[in-house]
């Protein structure tokens with residue numbers, strides 16, 4: 001029996017089998033493995049307690065009617081059926097998708113433009129790199145309050161600036177048609193991370209490729225389209241995935257602007273600024289529909305997973321990795 005557990009059969013000539021011993025870990029390897037587990041233990045325990053555990057709990061709660069006060073009552077797929085027919089949830093999902101479609105392309109295009117400009121400033125590049133990144137460090141709540149003031153239709157700096165050029169600024173925070181453009185404008189405040197990523201990618205483009213393109217008579221646009229974009233496509237793909245996930249989870253800034261102050265929330269139709277995660281938060285902590293909110297969270301998780309998978313599949317056609325076959 002001991003021999004059977006320590007060996008495995010290997011085919012030999014003539015159909016016979018020759019026992020082959022399994023490789024055993026040396027004492028040094030076992031000691032290193034134990035120490036590796038010791039050092040990894042804090043992360044593993046933290047992951048199980050703060051991530052895996054709550055995720056499994058929310059998955060169970062998504063099939064129940066739970067209001068925090070009373071014990072969960074199993075209801076099957078009722079929460080998911082309600083999700084498909086709840087007009088408030090569908091409206092918040094529509095707003096979130098609309099925002100994502102506006103924000104992600106604009107953020108990527110403006111970030112790339114700023115990175116191209118930074119590449120040309122020379123010695124001042126370090127200074128401007130810091131300036132562009134500073135807004136990223138601003139707390140999200142502070143950003144929401146700041147833009148609530150900047151977009152004020154009466155005394156806001158944005159409308160005052162538009163007034164100097166003869167444009168009558170809209171009611172950014174009260175007109176339902178202008179609420180979403182105002183939120184997108186606010187979201188462009190913190191582009192520093194994407195700018196730094198694109199700048200690093202641009203600096204890694206081999207100069208030999210530009211020289212070869214010049215010899216072939218390629219103009220500025222041709223060099224950008226056929227050299228720059230393919231060589232930084234990996235960075236573009238990364239920011240596309242990250243920005244899409246962040247846009248689908250938009251919460252803090254919008255909640256601060258339109259829902260944090262109850263008086264401001266009641267002054268306009270809040271449906272125009274209702275995002276999916278905001279609706280999830282309200283269902284969980286305002287209406288105490290924890291089971292329904294858990295179902296909303298899992299639907300968002302699945303939607304983000306599907307979108308990311310589609311982006312990864314499409315990236316095989318458009319993303320170029322230097323050295324890859």
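Numbering (the UniProt record's numbering), first residue to last: 1 to 325. No residue lacks a Cβ here, since even glycine has one placed at the ideal position from N, Cα and C.
> Which one of 228, 243, 169 and 151 has the shortest CA to CA distance from residue 192?
Replying inline: 243
> Buried or exposed: residue 41, going by 16 or more other Cβ atoms within 10 Å of its Cβ?
Replying inline: exposed
>> So, for residue 125: in the same chain, excluding its five sequence neighbours on each side, which residues have a beta-carbon less than 7 Å away from its beta-carbon?
In response: 118
> Distance, Cα to Cα, residue 276 vs residue 233?
Replying inline: 30 Å
> Does the beta carbon of residue 102 sit closer than 8 Å to a beta carbon anywhere in chain D?
Replying inline: No chain D is part of this structure, which consists of one protein chain only.
>> Which residue wins for smallest C-alpha separation from residue 319, given the options 99, 100, 43 and 237?
In response: If we check each option's Cα against that of residue 319, 237 comes out closest.
> If we ignore side chains and look at the alpha-carbon of each, how far apart do residue 89 and residue 198 end up?
Replying inline: 36 Å
>> Using C-beta distances below 7 Å, list every residue in its chain close to residue 341, excluding the 5 sequence neighbours before and after it, in chain order.
In response: The first residue shown for the chain is 1 and the last is 325, placing residue 341 beyond what the model contains.
> residue 115 and residue 241 look like a contact to me (Cβ under 8 Å); what is the Cβ gap, rounded to whole Å?
Replying inline: Contact doesn't hold; Cβ gap of about 18 Å is too wide.
>> Assuming residue 283 is part of the alpha helix (DSSP H), what are its boundary residues?
In response: Taken as a continuous stretch (DSSP letters only), residue 283 belongs to no alpha helix (DSSP H), as it is neither H nor E.
> Opposite residue 73 in the DSSP bridges: which residues?
Replying inline: 65
> Given residue 66, which residues of its chain have a CB within under 6 Å of its CB, disregarding the five upstream and five downstream residues?
Replying inline: 72, 290 and 291
>> Give me, in chain order, the residues of the same chain whose beta-carbon lies closer than 7 Å to that of residue 293; leave out the 5 immediate sequence neighbours on both sides.
In response: 280, 283 and 284
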